[in-house]
Each structure stands twice: as structure tokens, then as C-alpha cells.
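For the record, the sequence lines run as chains A and B. Using my numbering, read the first sequence as starting at 171 and increasing by one per residue. Using my numbering, read the second sequence as starting at 2 and increasing by one per residue. Working notes, beginning with the structure itself.
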Amino acid sequence: MARREEAAAREARFAALVERQSRFVYRVAYAVVRNAHDSEDVAQETFLKLYRTGAWEDMRDEKAFLARTAWRIAVDRRPKAPSQPLTPDLQSHDSQSPEDAAVSADWSAAVHRLVDALPEELRQPLALAAVEELNSREIGQVMGIAEGTVRTRIMRARQILKQKLESRHEQR
Amino acid sequence: MSNDERDKIESLLDDALASYSRQEPRPGLPRRVLDRIHADTAPGLAFPRWTWAVPLAACLLWAGIFWTRHGVTPERVQVTQVSQVAAARETAPARPASPRIVDHRHKRKVLPRLPQFPAPAPVTNDERALLAFVTRAPKEAQAALIDAQQLSVEPIRIEEIKIQPLQ
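Shown next as C-alpha cells:
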């Protein structure tokens with residue numbers, strides 16, 4: 171009897187965790203895979219893995235733990251892109267050049283394409299930084315790199331994006 | 002490029018980056034996650050924990066029957082055949098002798114242990130007639146028969162042959 175009550179309480183705690191963090195896990199996954207369907211699959215796999223291993227009961231930093239688990243699953247799921255140069259060739263993305271798109275009305279979509287063209291080592295910290303509630307320290311925990319490295323990579327990614335946008339702006 | 006333009010680009014970049022991962026899931030994600038977990042961890046398809054006991058019991062039963070019927074496990078004796086190497090071949094590398102397996106199953110038949118040895122044989126016709134005679138004949142006849150048997154048992158004395166010397 172006591173065992174049943176304990177199992178029910180455990181189920182309720184896990185359901186509350188899913189309710190509380192599923193949106194956050196989904197957004198972390200989306201930052202990596204950039205696809206709604208795959209992001210949902212990653213979110214489900216993340217919670218399924220936690221449930222099976224029972225690791226969710228010993229989490230100290232809940233967000234960092236969930237983000238790291240989701241990030242690993244998402245990275246495994248993301249198809250391996252061919253190695254890209256550190257300064258991406260923006261011309262190769264669309265029939266319309268990304269710079270043109272960036273200065274057009276659909277500014278955000280164009281910037282997103284520029285970000286997608288970045289190398290993964292720069293794109294992922296930048297994308298995770300865009301997920302609210304994740305700071306540089308937490309991103310470092312997620313990716314398994316130092317906090318300083320995270321800041322450096324984010325700064326470098328922003329510099330590349332700004333240079334591309336400014337040079338295009340000056341040409342116009 | 003003026004500073005205002007740079008600030009404007011910076012601001013637009015921040016807005017665009019903020020929306021980069023701002024993707025909302027379809028409504029009901031927690032419910033779908035929990036449904037998936039319940040579907041994947043449902044105990045319906047899982048075997049009960051005692052399932053392994055059934056084949057184990059069958060194996061034990063079979064082994065018991067085998068031991069009861071055969072008594073002794075089939076014994077295999079490995080006999081290593083040592084080959085004699087000819088003098089001419091002594092320099093060549095010796096080949097390992099292949100082990101020969103001899104099966105003694107058919108030779109070792111265990112005979113049943115008898116309560117009386119030798120086993121009692123059925124009475125022959127002569128013995129039966131003698132028994133009938135002993136039970137029916139008068140005492141004088143029995144005594145005569147016993148005397149006759151003793152006489153027949155006594156060794157026959159043969160007198161020494163005396164050969165007369167030739168004259």
C-alpha cells in the first residue's frame with residue numbers, strides 16, 4: 171500500500187517536472203535542430219531518458235541538467251553538415267543573396283539564415299544564448315566548455331554577422 | 002557608416018537573434034510527452050520476472066529423468082595415441098597426436114545384483130524321481146541305496162600287476 175502511494179507521488183512529481191520544463195527543453199532542442207517536428211521528438215526523448223534512468227530525481231541544477239540532456243540528443247539527431255568555413259559564404263544560401271534579404275523587410279528571417287550559415291561551434295552558443303533563461307555559465311555547462319569560451323564564441327559570431335550586414339549596407 | 006546606422010544594425014541584430022530560438026511548441030506538449038512515456042514503459046509487453054523459472058524447471062526435470070534412467074553419465078575417455086616416429090623422420094617437426102575418443106557406453110552393462118548366488122535352478126527329472134523314491138521306498142531299500150552309493154564312491158582298488166621275469 172505504502173509502495174503504491176510512493177509510486178503515485180513519484181509519478182506526480184515527474185508530471186509536474188514535464189509540465190514545468192517541457193517548453194524550455196523544446197526551445198533548447200529547437201536552437202540546435204531548427205525544426206519543429208524534430209524538436210518535439212527531442213523533447214519527448216529527453217524526458218523519456220530521464221524517466222528510465224531515474225536521473226531526474228537527483229538533479230541539482232534542473233535547467234542546466236535538462237538543457238544538457240536535450241542538447242546532446244539534439245546534436246546527435248542533427249544531420250552532420252559538411253565543414254563550413256569560419257566566415258560563412260553567405261552567397262551560397264539562397265537564390266537571393268542573404269545580404270539583400272537582410273536589408274529587406276524580412277530582416278529577421280535573413281539574419282536567421284546568416285546564423286544558420288555559421289559554423290556549429292559558433293552557431294550553437296549563439297542559439298542557446300537566444301533561449302531565454304540560459305546565461306553563459308549554463309551554456310558552458312550544457313556544451314561542456316568553459317564560460318569564457320562561450321563568451322568568446324558568441325562575441326565572434328556576432329562580429330561576423332555584423333560585418334556581413336555592414337559591408338552589405340555600405341555597398342548599397 | 003555612421004554610428005547611428007551601426008547602432009541600428011546592432012539593434013536589429015539583437016531583435017533577430019532574440020527571435021532565433023523563440024519557437025513555441027504546439028499546445029499540449031506535456032500531455033504528449035507523458036503519453037509517450039507511458040506508452041514506452043507500459044508493463045503489458047514486458048515478461049514477468051519469474052518467466053526464467055519455467056525453462057529452468059524444464060531443464061532440471063529433464064536432467065532428473067536422464068539421471069534416473071541412465072544412472073551413469075556417458076563417459077568419454079580420451080586416449081592419446083602416441084605415435085612412434087620413424088628414425089628418418091626424427092628431424093621433421095612432430096605433429097601433435099590427435100586425441101582418440103573411445104566410447105564405453107555399450108561395454109559397461111551393469112548386471113542386477115541377485116539375492117542368492119548361484120541362482121536356484123529348477124529340479125531335473127532324475128532329481129524328481131530320486132525324491133519320489135526316497136519318500137515312498139521302505140527304509141531297507143533306502144539303506145541299501147546309500148550303501149550302494151558309498152560303494153560306488155569308494156576308490157577302486159586295483160591290485161598291483163605282477164609280471165613274471167622272463168626265464
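Glycine is no exception: its CB is placed at the ideal position from the N, C-alpha and C atoms. All of these numbers come straight from a predicted model, not from anything done at the bench.
Secondary structure at residue 15 of chain B: helix, using DSSP grouped into helix, strand and coil. Inclusion of residue 35 of chain B and residue 179 of chain A in the CB contact set at 7 Å is not warranted, their separation being larger than that value. In the structure shown, the three-state DSSP call for residue 163 of chain B is coil.
Following the DSSP letters along the chain, one finds residue 229 of chain A in no alpha helix (DSSP H), marked with neither H nor E. Ranking A:236, A:246, A:277 by CA distance to the CA of residue 191 of chain A puts A:236 first. Cβ contact annotation for residue 321 of chain A (same chain, cutoff 7 Å, sequence separation greater than five): 306, in chain order. Taking C-beta atoms as the reference points, residue 300 of chain A and residue 12 of chain B fail to come closer than 7 Å. Within chain A, the C-beta atoms nearer than 7 Å to that of residue 17 of chain B come from 277, 278, 281, 282, in chain order. When Cβ-Cβ separations below 7 Å define contact, residue 227 of chain A makes no contact with chain B. Proximity of chain B to residue 210 of chain A at the Cβ level (cut-off 8 Å) is accounted for by 26, 27, 30, 33, in chain order.
Annotation: residue 61 of chain B to residue 71 of chain B spans about 15 Å, alpha carbon to alpha carbon. Here the C-alpha atom of residue 239 of chain A lies approximately 41 Å from the C-alpha atom of residue 6 of chain B. Straight across, the Cα-Cα distance linking residue 33 of chain B with residue 330 of chain A is about 39 Å.
Going by DSSP, residue 126 of chain B is part of the alpha helix (DSSP H) stretching over 126 to 137. Residues of the segment 301 to 318 of chain A whose Cβ lies closer than 9 Å to any Cβ of chain B, in chain order: 301, 302. Residue 20 of chain B reaches chain A at 278, counting residues in chain order whose Cβ is nearer than 7 Å. The C-beta distance from residue 225 of chain A to residue 213 of chain A rounds to 16 Å, too long to fall under 8 Å, and the pair is not in contact. Using a Cβ-Cβ cut-off of 7 Å, residue 188 of chain A counts as an interface residue toward chain B, since at least one Cβ of chain B sits closer than that to its own.
Secondary structure note for residue 63 of chain B: its alpha helix (DSSP H) is the uninterrupted segment 54 to 71. If you keep only unbroken beta strand (DSSP E) runs of at least 3 residues inside the segment 17 to 42 of chain B, you get nothing at all.
For residue 281 of chain A, the uninterrupted alpha helix (DSSP H) segment begins and ends at 277 to 286. DSSP, reduced to helix, strand and coil, places residue 155 of chain B outside both helices and strands of the structure shown, so it counts as coil. With respect to residue 227 of chain A, residue 31 of chain B sits apart: the two C-beta atoms are not nearer than 7 Å. For residue 197 of chain A, a Cβ of chain B is located within less than 7 Å of the residue's own Cβ. For a Cβ distance threshold of 7 Å, nothing in chain A lies close to residue 5 of chain B: the least Cβ distance comes to about 12 Å.
The Cβ atoms of residue 20 of chain B and residue 209 of chain A do not sit closer than 7 Å to each other.
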